[in-house]
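Below is one structure, written out as structure tokens; the observations come after it.
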Amino acid sequence: KNEVEQSPQNLTAQEGEFITINCSYSVGISALHWLQQHPGGGIVSLFMLSSGKKKHGRLIATINIQEKHSSLHITASHPRDSAVYICAVMPNYGGSQGNLIFGKGTKLSVKP
Amino acid sequence: DTGVSQDPRHKITKRGQNVTFRCDPISEHNRLYWYRQTLGQGPEFLTYFQNEAQLEKSRLLSDRFSAERPKGSFSTLEIQRTEQGDSAMYLCASSFNRNGYTFGSGTRLTVV
Numbered sequence: 040k041n042e043v044e045q046s047p048q049n050l051t052a053q054e055g056e057f058i059t060i061n062c063s064y065s066v067g068i069s070a071l072h073w074l075q076q077h078p079g080g081g082i083v084s085l086f087m088l089s090s091g092k093k094k095h096g097r098l099i100a101t102i103n104i105q106e107k108h109s110s111l112h113i114t115a116s117h118p119r120d121s122a123v124y125i126c127a128v129m130p131n132y133g134g135s136q137g138n139l140i141f142g143k144g145t146k147l148s149v150k151p
Numbered sequence: 007d008t009g010v011s012q013d014p015r016h017k018i019t020k021r022g023q024n025v026t027f028r029c030d031p032i033s034e035h036n037r038l039y040w041y042r043q044t045l046g047q048g049p050e051f052l053t054y055f056q057n058e059a060q061l062e063k064s065r066l067l068s069d070r071f072s073a074e075r076p077k078g079s080f081s082t083l084e085i086q087r088t089e090q091g092d093s094a095m096y097l098c099a100s101s102f103n104r105n106g107y108t109f110g111s112g113t114r115l116t117v118v
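What follows is the structure, encoded as structure tokens:
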């Protein structure tokens, strides 16, 4: 079982829809990242969370440390939001000092 | 500062050849990470440096892989005697301690 699980794996939405992507993890963490990857490979960091909720524009990220769960929400989705969204956690066990453990990603396609 | 730069963007090589990739991190960042990503999967940790010291290496980093960060600035990742299974996207990221994670655009390696 992967230490970081995302759902759904693939998501197709119509422009304007509200989107939720979920991330569950099984290890103790010091922080969780939401990342965006466009075709071509480059990764952009959207949020880093250790508690509560963060908002940036149409993106909202929440985390529940007790339940080991995080969600990424996109309001009023747009075709330019089409990308792979990756959840990554920074574990706080052993000697790990900052390497991330990644989920497999959620491929989002927003249709006009 | 233009972010994290990786060179080359694409590399096609014949099986058995050696390849070297370069990563230039954000200048203020003391940590530098290498990850490998295969199609449809999230990135996997390979190794990381704090300044010039290589502090952690994954079991994925076989003897054919070596990474250096000689002056605590740029880093190189060398793969000797490449195999078809080495075909992947190689991602570099940098941070200041655990903050400000920034990823490069990656180097896509194809071994034929």
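Each protein sequence line maps, in turn, to chains A and B.
To convert, note that position 37 of the first sequence is 76 in the numbering used here; the numbers rise steadily by one, no gaps.
To convert, note that position 9 of the second sequence is 15 in the numbering used here; the numbers rise steadily by one, no gaps.
Built from N, CA and C at the ideal position, the CB exists for glycine as well.
Being a predicted model, the structure only gives us computed values, none of them experimental.
### Message
If you follow the beta strand (DSSP E) that asparagine 61 (chain A) is in, where does it begin and where does it stop?
### Response
In the first sequence, counting from the first residue as 1, residue 61 (chain A) sits at position 22. It spans 58 to 64 - the beta strand (DSSP E) in which asparagine 61 (chain A) sits, taken as one unbroken run.
### Message
Given a cut-off of 8 angstroms on the beta-carbon distance, is the pair asparagine 36 (chain B) and glutamine 23 (chain B) in contact?
### Response
In the second sequence, the residue the question calls residue 36 (chain B) occupies position 30. In the second sequence, the residue the question calls residue 23 (chain B) occupies position 17. No; because the gap between Cβ atoms is not below 8 angstroms, this pair is not in contact.
### Task
Put arginine 42 (chain B) into one of helix, strand or coil per three-state DSSP.
As a first step, residue 42 (chain B) is located in the second sequence; it is residue number 36 there, counting from the start. Arginine 42 (chain B) falls in the strand class under three-state DSSP.
### Query
Any Cβ of chain B within less than 8 angstroms of the Cβ of isoleucine 82 (chain A)?
Sequence index remark: in the first sequence, residue 82 (chain A) carries index 43 (1-based). Taking Cβ atoms only, chain B reaches closer than 8 angstroms to isoleucine 82 (chain A), which makes this a yes.
### Task
Could you work out which residues of chain B lie near glycine 144 (chain A), taking near to mean beta carbons separated by less than 7 angstroms?
Counting from 1 along the first sequence, the entry for residue 144 (chain A) is found at position 105. Within chain B, the residues whose beta carbon sits less than 7 angstroms from that of glycine 144 (chain A) are Gly48, listed in sequence order.
### Given proline 130 (chain A) as reference, the closest of A:Gly81, A:Cys62, A:Val66 once Cα atoms are compared
Here residue 130 (chain A) refers to the residue found at position 91 when the first sequence is read from its first residue. Closest option to proline 130 (chain A), judged by alpha-carbon separation, among A:Gly81, A:Cys62, A:Val66: A:Val66.
### Message
Relative to the C-alpha of histidine 72 (chain A), which candidate in B:Gly112, B:Asn105, B:Leu115 has its C-alpha closest?
### Response
Counted from its first residue, the first sequence places residue 72 (chain A) at position 33. In terms of Cα proximity to histidine 72 (chain A), the closest of B:Gly112, B:Asn105, B:Leu115 is B:Asn105.
### Query
What residues from chain A crowd round arginine 114 (chain B), counting only those whose CB sits closer than 8 angstroms?
Taking the second sequence and counting its residues from 1, the one referred to as residue 114 (chain B) is at position 108. In chain order: Gly80.
### Task
Count the C-beta pairs between the segment 45 to 52 of chain B and the segment 23 to 33 of chain B that are closer than 8 angstroms, then say yes if the count reaches three, no if not.
Verdict: no, contact absent.
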